[in-house]
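Notes follow once the structure below has been shown.
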Amino acid sequence: MNRLYWQTLGAGSRDLVLLHGWGLNAEVWRYIAERLVSHFRLHLVDLPGYGRSQGYPALSLAQMAQEILAHAPEKAVWLGWSLGGLVASQAALDAPQRVTQLITVASSPCFAAQETWPGIRPEVLQGFQQQLSDDFQRTVERFLALQTLGSESARQDARLLKSMVLDLPMPPVEVLNGGLTILEQQDLRLPMQQLTQPFLRIYGALDGLVPRKIAPLLDAQWPNSSSAIVDKASHAPFISHPDAFCQLLTNFLLPKR
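Number 78 in full-length UniProt numbering belongs to position 78 of the sequence shown; there are no gaps in the numbering.
Below, the structure written as structure tokens:
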């Protein structure tokens, strides 16, 4: 039987749904949750098939968004990191009246590199899919290490991410492969031009998976959104630079007095 893991923390007046990235789980947010619980009611979610959300097959992006929408507050801010950014974006497209504000972190509407679009080379993602069947745990660990490369605290951050994965049930290979397929094939650049809710995109200056070069490209394509780049951060800026990250969130979400 499938059951979505969902934990609510904090007594703030505003709901904030937090979605993690590929291979991981909601524990990635523990590090910043203590900084945010006084401002927001946090909803920590394990994506279907990941962490404690067991019993799910590989889902499409649209199916994942619908599954989380079925459990989410009627109106909330949605924040998604990496793959979670795609899920949050799809939810905003499917139910714009329910996603009041959108934040994506180290995420791209099109993760795969194309001729005039920076991103992950398709053969790299395909290689990960092949390696998953050969050496499941080592492949996930390699991907986690890639996410922290470049930041000053890379080794410490990689250890933290790894412990978050290994302390909880590992996702089935089919779920991980399904996530890689979404990263390889999905392209939301055109659909997301129609979004009208306030939208913030946060990037790491040293991110090797979602290059900062996409920030000005999307600034031009999506004039209703804004972008911020965390200096000296890689793919997990909320772990390497939690204070700067939380400052960006509160500046965007909380009205100035």
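We treat Cβ as the ideally placed atom computed from N, Cα and C, and that holds for glycine.
First and last residue of the uninterrupted beta strand (DSSP E) at residue i
i      : result
Tyr56  : Premise fails: Tyr56 is in no beta strand (DSSP E) and is neither H nor E.
Phe111 : Element bounds for Phe111: n/a, residue is neither H nor E.
Val105 : Val99 to Val105
Ala233 : Segment: none, Ala233 is in no beta strand (DSSP E) and carries neither H nor E.
Arg41  : Phe40 to Val45
Boundaries (first-last residue) of the alpha helix (DSSP H) holding residue i
i           : result
Leu180      : Val173 to Gln185
Leu83       : Leu83 to Asp94
Gln247      : Pro242 to Leu253
residue 318 : In the structure displayed, the chain extends from 1 to 257; residue 318 sits before or after that span and is not available.
Leu36       : Arg30 to Leu36
C-beta atoms of residue i and residue j nearer than 8 Å
i           : j      : result
Asp15       : Ala106 : no
Trp117      : Leu19  : no
Gln197      : Pro96  : yes
Ala26       : Gly51  : yes
Phe238      : Tyr5   : no
residue 284 : Pro191 : There is simply no residue 284 to check, as the chain begins at 1 and stops at 257 in what is shown.
Ala205      : Arg212 : yes
Gly150      : Leu83  : no
Leu61       : Leu102 : no
Buried or exposed by the 16-neighbour rule on C-beta atoms within 10 Å, applied to residue i
i      : result
Gln147 : buried
Asp243 : exposed
Asn251 : exposed
Arg155 : exposed
His71  : exposed
Gly21  : buried
Pro171 : buried
Leu254 : exposed
Asp157 : buried
Leu166 : exposed
Gly127 : exposed
Arg142 : exposed
Secondary structure of residue i, DSSP reduced to three states
i           : result
Gly21       : coil
Gly204      : strand
Ser151      : coil
Ser13       : coil
Arg121      : coil
Leu190      : coil
residue 258 : Because residue 258 is not part of the residues shown, which for the chain are 1 to 257, the question remains open.
Ala228      : strand
Gly80       : strand
Residue from the options with nearest C-alpha to residue i
i      : options                        : result
His235 : Arg138, Pro172 and Ser153      : Ser153
Gln66  : Gly51, Pro57 and Ala88         : Ala88
His43  : Ile120, Ile214 and Glu74       : Glu74
Leu168 : Ala11, Gly12 and Gly23         : Gly23
Gln7   : Ser13, Leu47, Gln129 and Leu83 : Leu47
Gly10  : Ser38, Arg3 and Val17          : Ser38
Ala76  : Ser163, Leu69 and Thr100       : Thr100
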